[in-house]
Amino acid sequence: MTTTSLNEQPVRLVPRPAPATASTERWSVDEVAALFDLPFSELMHRAQSVHREQFDPTEVELATLLSVKTGGCPEDCGYCPQSVHFDTGLEAGKLMGVHAVREAAQRARQAGATRFCMGAAWRAPKDRDVDAVAELVRAVKDVGLEACATLGMLNDGHAETLRDAGLDYYNHNLDSAPDFYGEVITTRDYQDRLDTLERVRRAGVKVCCGGIVGMGESRRQRAALVAQLANLAPDYPESVPINNLVKVQGTPLGDQADLDPLEFVRTIAVARITMPRARVRLSAGRQQMSDAVQALCFLGGANSIFYGEKLLTTGNPDVAADMALLAGLGLRARRA
Ligand code: SAM
Ligand code: DTB
Ligand code: SF4
Numbered sequence: 025m026t027t028t029s030l031n032e033q034p035v036r037l038v039p040r041p042a043p044a045t046a047s048t049e050r051w052s053v054d055e056v057a058a059l060f061d062l063p064f065s066e067l068m069h070r071a072q073s074v075h076r077e078q079f080d081p082t083e084v085e086l087a088t089l090l091s092v093k094t095g096g097c098p099e100d101c102g103y104c105p106q107s108v109h110f111d112t113g114l115e116a117g118k119l120m121g122v123h124a125v126r127e128a129a130q131r132a133r134q135a136g137a138t139r140f141c142m143g144a145a146w147r148a149p150k151d152r153d154v155d156a157v158a159e160l161v162r163a164v165k166d167v168g169l170e171a172c173a174t175l176g177m178l179n180d181g182h183a184e185t186l187r188d189a190g191l192d193y194y195n196h197n198l199d200s201a202p203d204f205y206g207e208v209i210t211t212r213d214y215q216d217r218l219d220t221l222e223r224v225r226r227a228g229v230k231v232c233c234g235g236i237v238g239m240g241e242s243r244r245q246r247a248a249l250v251a252q253l254a255n256l257a258p259d260y261p262e263s264v265p266i267n268n269l270v271k272v273q274g275t276p277l278g279d280q281a282d283l284d285p286l287e288f289v290r291t292i293a294v295a296r297i298t299m300p301r302a303r304v305r306l307s308a309g310r311q312q313m314s315d316a317v318q319a320l321c322f323l324g325g326a327n328s329i330f331y332g333e334k335l336l337t338t339g340n341p342d343v344a345a346d347m348a349l350l351a352g353l354g355l356r357a358r359r360a
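When you line the sequence shown up against our numbering, it's residues 25 to 360, in that order.
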């Protein structure tokens, strides 16, 4: 029901019902797909313009990853070397202790990182796992780094426990478009992801949420992933990792055809335009990417990278190579 105010603007008297999923439409899939379809130079120009309104375009955030609990995961994500469903030769491990994590965080800080992200191959941590990770978060904060964790689906109280330990960000990726999700993962559904993201938001922890491209999805499905991220309620994520699939032998996607690198750059640029204030991270897949493509990603609005020799279980460019890349492009690392 609407009425008209003095200045003739319609005023809504009845509040809209709460949406069934944690989203609010800022960008339709058609609108995002139209960005993907722009001439490349036009897309890059628009992404640069948006980037410069919000950020210093010469600054890149360095985030270091550490797998604090590796392998043995009961989920069947078709891209992931850590699933028990696939034989990738990976050795599973127990949760790391606080001493080793503190040392890794200190090394990351000395190398220039400002964010430290701990990943665990869980479907959903148990209460005691969350308590143990909370200790790791405290250690990372003591070292003076921003702390991020990615532990799978969270239950009641988990996000609050992590927040109280000082966690700055929780990473939980939507990974693909809703209509592609079932092609890649059968052990959980999209709504499970949205539910955890809502718990993280409600606890007041910042959201790190992105996806993987190059899994065989269509351009429209890439657009639908970006639209999901951009439409998350009450706001889009503070941090958006865009991963290029790392093909691991033994996983169902181990032989997936390469994505056109310029399509990856387009995805970064579209993420930048639709989520202007987010840190858009050029994430997994850099070891397989030329410097020229990475430079285009920065031009397209990426302003964060994973930094350090390893992602979780696979390789990443070494520190010296990244320092040379940034220096060659006149970019500098964000300071704490
Ligand atoms: N188990 C938790 C979960 O799935 O949320 C946290 C760890 S999981 C490894 C974190 C993210 O890593 C996934 O959501 C996915 O985006 C990314 N990832 C895993 N394997 C990948 C691969 N081969 N290539 C690119 N990204 C990958
Ligand atoms: C994200 O979006 N990508 C990171 C981090 N968040 C946890 C993980 C990439 C993993 C790549 C495969 C591996 O090293 O196991
Ligand atoms: Fe498990 Fe996460 Fe890997 Fe999926 S992506 S198999 S949930 S570790």
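Heads up, the beta-carbon is just placed ideally off N, CA and C, and yes, glycines get one too.
Fair warning: this is a prediction, and the values are worked out from it, not measured in the lab.
Coil, strand or helix - ARG212 by DSSP: Position 188 of the sequence shown, counting from 1, holds the residue named residue 212. It is coil, neither helix nor strand.
Proximity to ARG131 [Cα-Cα], best of GLY113, GLY168, PRO98 and PRO105: Taking the sequence shown and counting its residues from 1, one reaches residue 131 at position 107. If we check each option's Cα against that of ARG131, GLY168 comes out closest.
Range of the contiguous beta strand (DSSP E) that encloses MET142: Position 118 of the sequence shown holds residue 142. Here the beta strand (DSSP E) through MET142 covers 139 to 144.
CA-to-CA distance, LEU191 to ALA129, given in whole angstroms: Taking the first residue of the sequence shown as 1, we reach residue 129 at position 105. Taking the first residue of the sequence shown as 1, we reach residue 191 at position 167. In a straight line, the C-alpha of ALA129 is about 14 Å away from that of LEU191.
Whether ARG305 touches ILE266 by CB criterion (8 Å): Here residue 305 corresponds to residue number 281 of the sequence shown, with the count starting at 1. Here residue 266 corresponds to residue number 242 of the sequence shown, with the count starting at 1. Going by beta carbons, ARG305 and ILE266 fall inside the 8 Å limit.
Those residues which DSSP pairs with THR174 across a bridge: Your numbering for residue 174 matches position 150 in the sequence shown. Note: THR174 sits in a beta bridge opposite GLY143.
Nearest neighbour of LEU256, chosen from SER314, THR220, SER91 and GLU241 [CA to CA]: For the purposes of this step, residue 256 is taken as the residue at position 232 of the sequence shown. Comparing Cα positions, the closest option is THR220.
Residues sharing a beta bridge with ASN195, DSSP: Taking the first residue of the sequence shown as 1, we reach residue 195 at position 171. Beta bridge pairing from DSSP links ASN195 with CYS232.
Residues sharing a beta bridge with ASN268, DSSP: Within the sequence shown, numbered from 1, the residue matching residue 268 stands at position 244. In DSSP, ASN268 forms a bridge with VAL237.
Cβ neighbours of TRP51 in the same chain (closer than 8 Å, five flanking residues each side left out): For the purposes of this step, residue 51 is taken as residue 27 along the sequence shown, with counting starting at 1. So the qualifying residues of the chain are VAL250, ALA251, ALA254, ASN255 and THR298.
C-beta contact flag for ARG139 and ALA58 at 8 Å: For the purposes of this step, residue 139 is identified with residue 115 of the sequence shown, where counting begins at 1. For the purposes of this step, residue 58 is identified with residue 34 of the sequence shown, where counting begins at 1. Not closer than 8 Å, so no.
Where LYS165 sits in the DSSP three-state scheme: Position 141 of the sequence shown, counted from the first residue, corresponds to residue 165. The answer is helix: DSSP assigns LYS165 an H, G or I state.
ALA348 - containing alpha helix (DSSP H), residue span: Working through the sequence shown from its first residue, we reach residue 348 at position 324. Taken as a continuous stretch (DSSP letters only), the alpha helix (DSSP H) holding ALA348 covers 343 to 353.
Limits of the unbroken beta strand (DSSP E) element including LEU306: Counting from one through the sequence shown, the residue named residue 306 turns up at place 282. Segment 303 to 306, the beta strand (DSSP E) holding LEU306.
CB of ALA354 within 8 Å of CB of GLN311, strictly: As a first step, residue 354 must be located in the sequence shown, where it is residue number 330. As a first step, residue 311 must be located in the sequence shown, where it is residue number 287. At residue 354 the sequence reads Gly, which differs from the Ala that was named. No; because the gap between Cβ atoms is not below 8 Å, this pair is not in contact.
Cβ-based burial, LYS93 [other Cβ within 10 Å; buried from 16]: Taking the sequence shown and counting its residues from 1, the one referred to as residue 93 is at position 69. Classification of LYS93: buried, given that the 10 Å Cβ count is 16 or more.
Separation of VAL108 from THR275, as counted between CA atoms: In the sequence shown, counting from the first residue as 1, residue 275 sits at position 251. In the sequence shown, counting from the first residue as 1, residue 108 sits at position 84. Approximately 10 Å, taken between the alpha carbons.
ALA116: CB within 7 Å of a non-hydrogen atom of the ligand SF4: Working through the sequence shown from its first residue, we reach residue 116 at position 92. False, no ligand heavy atom lies under 7 Å from that Cβ.
GLU85 - partner residues in DSSP beta bridges: To locate residue 85, count along the sequence shown from 1; it is residue 61. Bridge partners of GLU85: SER328.
CYS101 versus ASP153, ALA295, ASN327 and ASN197, residue with shortest Cα-Cα distance: Along the sequence shown, one-based indexing puts residue 101 at 77. Answer by Cα proximity: ASN197.
GLN78 beta carbon near the ligand SF4 (any heavy atom closer than 7 Å): To locate residue 78, count along the sequence shown from 1; it is residue 54. Checking every heavy atom of the ligand SF4 against the Cβ of GLN78, none is found closer than 7 Å.
Through-space distance from ARG223 to SER73, alpha-carbon basis: The sequence position of residue 73 within the sequence shown is 49, counting from 1. The sequence position of residue 223 within the sequence shown is 199, counting from 1. Taking the straight line from one Cα to the other gives about 33 Å.
Cross-strand partners of ARG356 (DSSP beta bridge): On the sequence shown, residue 356 is found 332 positions in, with the first residue counted as 1. Per DSSP, GLU83.
Alpha-carbon to alpha-carbon, ASN327 and ARG162: Numbered from its first residue, the sequence shown carries residue 162 at position 138. Numbered from its first residue, the sequence shown carries residue 327 at position 303. Spanning the two alpha carbons is a distance of roughly 26 Å.
Three CB pairs or more closer than 8 Å across the region 163 to 182 and the region 116 to 130: yes
Inter-residue CB distance, ALA248 and ALA201 (contact presumed, cutoff 8 Å): As a working note, residue 248 is residue 224 in the sequence shown. As a working note, residue 201 is residue 177 in the sequence shown. Contact flag correct, Cβ pair sits at about 4 Å.
Distance between VAL229 and LYS334 (C-alpha atoms, nearest Å): Within the sequence shown, numbered from 1, the residue matching residue 334 stands at position 310. Within the sequence shown, numbered from 1, the residue matching residue 229 stands at position 205. Between the alpha carbons of LYS334 and VAL229 lies a distance of about 26 Å.
Contact check, ARG147 vs CYS97, beta carbons under 8 Å: Counting from one through the sequence shown, the residue named residue 147 turns up at place 123. Counting from one through the sequence shown, the residue named residue 97 turns up at place 73. A contact, by the Cβ cut-off of 8 Å.
Through-space distance from ASP259 to LYS150, alpha-carbon basis: The sequence position of residue 150 within the sequence shown is 126, counting from 1. The sequence position of residue 259 within the sequence shown is 235, counting from 1. So the alpha carbons of these two residues sit roughly 28 Å apart.
For SER52, three-class secondary structure by DSSP: Along the sequence shown, read from residue 1 onward, the residue named residue 52 stands at position 28. Reduced to three states, the DSSP call for SER52 is coil.
beta-carbon ARG274 near the ligand SAM non-hydrogen atom, thresh 7 Å: Position 250 of the sequence shown, counting from 1, holds the residue named residue 274. It is worth fixing the name first, because residue 274 is Gly in this sequence and not Arg. Every heavy atom of the ligand SAM is 7 Å or more from the Cβ of GLY274, so no.
CYS104: CB within 7 Å of a non-hydrogen atom of the ligand SF4: Counting from 1 along the sequence shown, the entry for residue 104 is found at position 80. Yes; taking the cut-off as 7 Å, the Cβ of CYS104 has a heavy atom of the ligand SF4 nearer than that.
Spatially closest choice to GLN245 from VAL56, SER47 and THR48, by CA coordinates: The sequence position of residue 245 within the sequence shown is 221, counting from 1. Per the C-alpha coordinates, the member of VAL56, SER47 and THR48 positioned closest to GLN245 is VAL56.
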